[in-house]
Structures are given as structure tokens and as C-alpha cells.
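Visitor: Using the working numbering, read the sequence shown as starting at 24 and increasing by one per residue.
The following block contains the structure, expressed as C-alpha cells.
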Amino acid sequence: DFAWNAEPRLLRVVDGAQADWFCIDEFYSQSFTVTPASNRMGLRLHGAALTLPERELESEPVCPGSVQVTRDGQCIILGVDGQTIGGYPKIAQVISADLDKLAQLRPGETIRFQRVTLAEAEALYRNKQAELREWLTRLRTAEAFAS
Numbered sequence: 024d025f026a027w028n029a030e031p032r033l034l035r036v037v038d039g040a041q042a043d044w045f046c047i048d049e050f051y052s053q054s055f056t057v058t059p060a061s062n063r064m065g066l067r068l069h070g071a072a073l074t075l076p077e078r079e080l081e082s083e084p085v086c087p088g089s090v091q092v093t094r095d096g097q098c099i100i101l102g103v104d105g106q107t108i109g110g111y112p113k114i115a116q117v118i119s120a121d122l123d124k125l126a127q128l129r130p131g132e133t134i135r136f137q138r139v140t141l142a143e144a145e146a147l148y149r150n151k152q153a154e155l156r157e158w159l160t161r162l163r164t165a166e167a168f169a170s
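Okay, here's the thing in C-alpha cells:
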């Protein structure tokens, strides 16, 4: 079972394209606080600063759920109105099954990231889609019964 109501809230992620640039345990072992500077473009997080390597990254595609690490070692989770190209390293990617949870996070709440494999992320996505289809069927059945 996936507990969403308890704090810190868990967001499931797969490793990002530049995850190997970081001491990944620093990322997965800490809690982050959603800051008031968050909006639909991105959720700005505050936590212990991650050590950023002395590397340059050319701008590359990003998508909602990309977890980028800024120059000050803090994380941003890109939102639905976020940019499509970014130059910060991506330490993780929120899985598709959890993207809707980003909209539920409020400033001051704490989150942690839970690492899953790509196979687990795919299975969680299929399960969520099946659950949504089941709810839609129930709604349609109730609507037809009420008519």
C-alpha cells in the first residue's frame, strides 16, 4: 500500500539522467520541505544542500516531474506549466502514477522520495490506469441507474 496522507509524503521516482553525478543516498535519505516559492511551473524544495559536481550540462529536454538540482544544491520538481528545456542536472523523475500528487502539495509540507525501478513504475502506471477505468465504469453505471 502507498501511504499518501502521512507526512512526510512519499513521491515515487526513478533515477534521473544525471543521478550518477550525485551521492544518491544524500537525496533518498532526507526529507524536503515545499517552499512558498512553488507554483504550477515547479515545486521548489528546501533540504540539506546536495553536493553539485563541477560539471557543465548543456540544456536538454525536461518534462513534468523532472527533479532538477539547482546551483545552490536545492531541488525543483517541474510542474505542468514548467519549461520544456532545462540546464540543471536531473537527479530523479517522478513516476507517471504519482504526477497528480504534485498538485496536492502545499507550502510547508514535507516530502521524501522513494526510489523504484522502471519495471515497478510501469506496473504502478498500469495499476493506476486500471483503477481509474474502474472508477469511470462505476460512475457511468451509477449515472445510468439514476436516469
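Each residue gets a CB set at the ideal place from its N, CA and C atoms; glycine is no exception.
If you're wondering where the values come from, they're calculated on a predicted model, not measured in any experiment.
Would E33 and R135 qualify as a contact pair, given that the criterion is a beta-carbon distance under 7 Å?
Guide: By one-based count along the sequence shown, residue 33 stands at place 10. By one-based count along the sequence shown, residue 135 stands at place 112. The sequence as given places Leu at residue 33; Glu does not occur at that position. Cβ atoms of L33 and R135: closer than 7 Å.
Visitor: Measure from the alpha carbon of I47 to the alpha carbon of each residue in G65, Q127, S119, L75, then state which is nearest.
Guide: Here residue 47 refers to the residue found at position 24 when the sequence shown is read from its first residue. Taking I47 as reference, the option from G65, Q127, S119, L75 with the minimal CA-CA separation is L75.
Visitor: Is the stretch 138 to 150 close to the stretch 52 to 69, with three or more CB pairs under 8 Å?
Guide: no
Visitor: So, using beta-carbon positions, are P112 and Q53 closer together than 7 Å?
Guide: In the sequence shown, counting from the first residue as 1, residue 112 sits at position 89. In the sequence shown, counting from the first residue as 1, residue 53 sits at position 30. No; because the gap between Cβ atoms is not below 7 Å, this pair is not in contact.
Visitor: Work out the CA separation of L162 and E154 for me, nearest whole Å.
Guide: Stepping through the sequence shown from its first residue, residue 154 is reached at position 131. Stepping through the sequence shown from its first residue, residue 162 is reached at position 139. Each residue's alpha carbon lies about 12 Å from the other.
Visitor: Sort D95, V103, Q91 by Cα distance to N62 and report the nearest one.
Guide: If you number the sequence shown from 1, residue 62 lands on position 39. Among D95, V103, Q91, the Cα nearest to that of N62 belongs to V103.
Visitor: On a CA-only basis, which of G96, A165, N150 is nearest I114? Give me that one, please.
Guide: By 1-based counting over the sequence shown, the position of residue 114 is 91. Among G96, A165, N150, the Cα nearest to that of I114 belongs to G96.
Visitor: Buried or exposed: I118, going by 16 or more other Cβ atoms within 10 Å of its Cβ?
Guide: Taking the sequence shown and counting its residues from 1, one reaches residue 118 at position 95. Burial call: buried.
Visitor: Could you tell me the boundaries of the alpha helix (DSSP H) in which A169 lies?
Guide: In the sequence shown, residue 169 corresponds to position 146, counting from 1. That run of the alpha helix (DSSP H) goes 141 to 169.
Visitor: What separation, rounded to the nearest whole angstrom, lies between the Cα atoms of D24 and E30?
Guide: Locating residue 24 in the sequence shown gives position 1, counting from the first residue. Locating residue 30 in the sequence shown gives position 7, counting from the first residue. Only weak support exists for where D24 lies, its pLDDT of 43 falling under 50; the coordinates are left without a value.
Visitor: Below 7 Å CB to CB, which residues in the same chain sit around L141 once its five sequence neighbours on both sides are set aside?
Guide: Reading the sequence shown from its first residue, position 118 is the one you call residue 141. If we look at L141 and ignore the five residues flanking it on each side, its Cβ neighbours are V37.
Visitor: How many Å lie between F55 and T133 at the Cα?
Guide: The sequence position of residue 55 within the sequence shown is 32, counting from 1. The sequence position of residue 133 within the sequence shown is 110, counting from 1. Each residue's alpha carbon lies about 5 Å from the other.
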